[in-house]
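Residue numbers (the working numbering), protein chains in the order written: chain A, 9 to 121; chain B, 1337 to 1451.
Where a beta carbon is used, it is the ideal one built from N, C-alpha and C, also for glycine.
The next block holds one structure in the form of structure tokens; read it before the comments.
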Amino acid sequence: KQEVTQIPAALSVPEGENLVLNCSFTDSAIYNLQWFRQDPGKGLTSLLLIQSSQREQTSGRLNASLDKSSGRSTLYIAASQPGDSATYLCAGAVFQGAQKLVFGQGTRLTINP
Amino acid sequence: DGGITQSPKYLFRKEGQNVTLSCEQNLNHDAMYWYRQDPGQGLRLIYYSQIVNDFQKGDIAEGYSVSREKKESFPLTVTSAQKNPTAFYLCASSFNRVEFDYGYTFGSGTRLTVV
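Here's what the structure looks like:
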């Protein structure tokens, strides 16, 4: 059974810093891994999707990596801004007729001006 | 614009009452999903549907029911058998085909409160 863990649970950094959020998963037969952002009281916004055959994906200041052999993914945020403050969720997919996402509990990120 | 629409945004349920949460997508996605989010517990899968007229239980299906009569729609009913229904409910959809792996798209959620 796929289990996903995110560390740290919360992170507070000053504006402008580069930072890394960590995600680990137990089943290396992962179909894909997706990073989401959630603002308070809102739904989930997809940030990056890494398919199982890929090693990383980039979008603007965000870069996500996937290492299936070690069961790890990282989300790198460059030059952080106060608008990046949100909860970041990592989810690993297993394919059983449909993609079933298993979520970590998230990292609550605060960027201080 | 393509996307997923959940309604209502807020819903209040009295004890012993059934309520239905709506989820509609215009992304031509094959599969649809319902998740429940509680503080400190992350998202848990309630039900999912791969194709029309077919659905499977997720990890916490007790006290919930669904239907999938149309590809675009996947309503969730929270029945009186669900003893602790207060939560944030999220609907999502995706393609089923490997060649169309674009991940999940989520709706904006429905917050259900028991009064």
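{"Item": "Segment contact flag, the region 1357-1377 of chain B with the region 1393-1413 of chain B, C-beta cutoff 8 Å, min 3 pairs", "Value": "yes"}
{"Item": "Minimum Cβ-Cβ distance from B:Leu1381 to chain A less than 9 Å", "Value": "yes"}
{"Item": "Neighbour flag for B:Phe1424 against chain A, beta carbons, 9 Å", "Value": "yes"}
{"Item": "Residue burial classification, A:Ser20 (beta-carbon count within 10 angstroms, cutoff 16)", "Value": "exposed"}
{"Item": "Segment contact flag, the region 73-83 of chain A with the region 1346-1359 of chain B, C-beta cutoff 8 Å, min 3 pairs", "Value": "no"}
{"Item": "In DSSP terms, what A:Phe44 is bridged to", "Value": "A:Ser54, A:Leu97"}
{"Item": "The region 99-110 of chain A touching the region 40-57 of chain A, judged by at least three CB pairs closer than 8 Å", "Value": "yes"}
{"Item": "9 Å Cβ cutoff, A:Gly100 in contact with chain B", "Value": "no"}
{"Item": "A:Tyr84 versus A:Thr115, A:Asn120, A:Ser36, residue with shortest Cα-Cα distance", "Value": "A:Thr115"}
{"Item": "According to DSSP, residues forming a beta bridge with A:Ile15", "Value": "A:Asn30"}
{"Item": "Closer than 8 Å: B:Ser1429 CB and nearest the ligand ATP heavy atom", "Value": "Summarising the ligand content, the structure contains no ligands, and the ligand ATP is consequently not present."}
{"Item": "Close beta carbons around B:Ala1367, own chain, < 6 Å, minus the five adjacent residues each side", "Value": "Gln1386, Ser1430, Asn1432"}
{"Item": "B:Phe1424 - partner residues in DSSP beta bridges", "Value": "B:Gln1373, B:Arg1447"}
{"Item": "B:Ala1428 at chain A interface by Cβ criterion, 9 Å", "Value": "yes"}
{"Item": "8 Å Cβ shell around A:Leu109 - same chain, five flanking residues per side excluded", "Value": "Gln42, Ala99, Gly100, Ala101"}
{"Item": "Supposed close pair B:Ile1340, B:Thr1413 - CB separation, criterion 8 Å", "Value": "That pair is no contact at about 18 Å."}
{"Item": "Residue-level contact to chain B via CB, A:Phe33, 9 Å cutoff", "Value": "no"}
{"Item": "Contact check, A:Cys31 vs A:Thr82, beta carbons under 9 Å", "Value": "yes"}
{"Item": "Neighbouring residues, chain A, relative to B:Asn1432 (Cβ below 9 Å)", "Value": "Phe103, Gly105, Ala106, Gln107"}
{"Item": "6 Å Cβ shell around B:Thr1449 - same chain, five flanking residues per side excluded", "Value": "Phe1348, Thr1422"}
{"Item": "Contacts of A:Leu57 in chain B (Cβ-Cβ under 9 Å)", "Value": "Asp1437, Tyr1438, Gly1439, Tyr1440"}
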